[in-house]
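**Student:** Its first residue numbered 8, the sequence shown is counted upward by one per residue in the numbering used here.
Have a look at this one.
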Amino acid sequence: MRNLINKSKLIDSATNLNFIRSKYDEIDCESRFVGILGARGTGKSTLVLQYLKKTYGLNDHASYWSLDDIYFSNHSLIETIESYYQLGGRFLVLDEVHKYPTWARELKNAYDFYKDLRVVFTGSSVIDMLNLEVDLSRRAVLYHLTGLSFREYLNFTKVTQIPIYSLNEILSNHIVIGHFITTNKTNDNSGQWRNKK
């Protein structure tokens, strides 16, 4: 158990906060049971690690576990959660849950028994996860993370910093917005155009 907590702290300290996906603000990780689904490489692990780092830092009561860790070949998830809970753990990020065969049943048991434990889980096999024998739909709030949008790609590669624009903003201010995007470089105030209307 201590090994898992130490691994979590090591991963947490190496997590980069320079670029955070737009979806970050849409996901309510304060819910008791949150699932983030999406294809491999879309940034699920990074997103949940950023949340963990920003919210908890190196706190023993919040931890990140990848269920493809060799630890789980000899230990059950539910027993590990029970041990962690007894040590004071109250927030868990469980990554790659689809790599652990009975994750849904064991998480359901943990959810039903530990009322003040919050869990965020991620998985890539969306179809398999939505067709589980254990119905998590009444318990988990599910989000789908897609690949980078073109705007996010430009922000990530530091070509420019473009904020999110609503359709109404684009329709009513497309000339001003277009001019602002094409004339501003990285590190400029991305909302500056709104003050120039």
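Here a beta-carbon is modelled for each residue, glycine too, at the ideal position from N, C-alpha and C.
May I have the straight-line CA-CA distance separating Thr-109 from Tyr-91, to the nearest angstrom?
**Tutor:** Rounded to whole angstroms, Thr-109 to Tyr-91 spans 19 Å at the Cα level.
**Student:** In chain order, what residues of the same chain have a beta carbon less than 8 Å from the beta carbon of Asn-202, not counting five sequence neighbours either side?
**Tutor:** Unreliable positioning characterises Asn-202 in this predicted model, as indicated by a pLDDT of 46, which lies under 50. The coordinate reading is nonetheless provided below. Around Asn-202: no qualifying Cβ.
**Student:** How should Val-166 be labelled, buried or exposed, when 16 other C-beta atoms within 10 angstroms of its C-beta is the threshold for buried?
**Tutor:** Flag for Val-166 reads exposed.
**Student:** With 16 other CB atoms within 10 Å as the buried threshold, where does Glu-103 fall?
**Tutor:** buried
**Student:** Taking buried to mean at least 16 other C-beta atoms within 10 Å of its own C-beta, is Phe-128 buried or exposed?
**Tutor:** buried
**Student:** Express the C-alpha separation of Ile-188 and Ser-83 in angstroms, rounding to a whole number.
**Tutor:** 51 Å
**Student:** Hey, does Asn-66 have any beta-carbon neighbour from chain D nearer than 8 Å?
**Tutor:** Absent from the structure is chain D; it holds one protein chain and no more.
**Student:** Kindly list the residues whose CB is nearer than 7 Å to the CB of Tyr-63, restricted to its own chain and excluding five residues on each side of it in sequence; keep chain order.
**Tutor:** Ala-69, Phe-98
**Student:** Name the residue from Asp-76, Ala-21, Ser-131 whose alpha carbon lies nearest to the alpha carbon of Leu-11.
**Tutor:** Asp-76
**Student:** Using DSSP bridges, identify the partner residues of Ser-73.
**Tutor:** Asp-102
**Student:** Taking buried to mean at least 16 other C-beta atoms within 10 Å of its own C-beta, is Glu-33 buried or exposed?
**Tutor:** exposed
**Student:** I'd like the span of the alpha helix (DSSP H) that includes Thr-53, first residue to last.
**Tutor:** 51-63
**Student:** Whose C-beta lies closer than 7 Å to the C-beta of Ser-52 among residues of the same chain, with five residues either side of it excluded?
**Tutor:** The beta carbon of Ser-52 lies closer than 7 Å to those of Asp-102, Thr-129 in the same chain, with the five residues before and after it left out.
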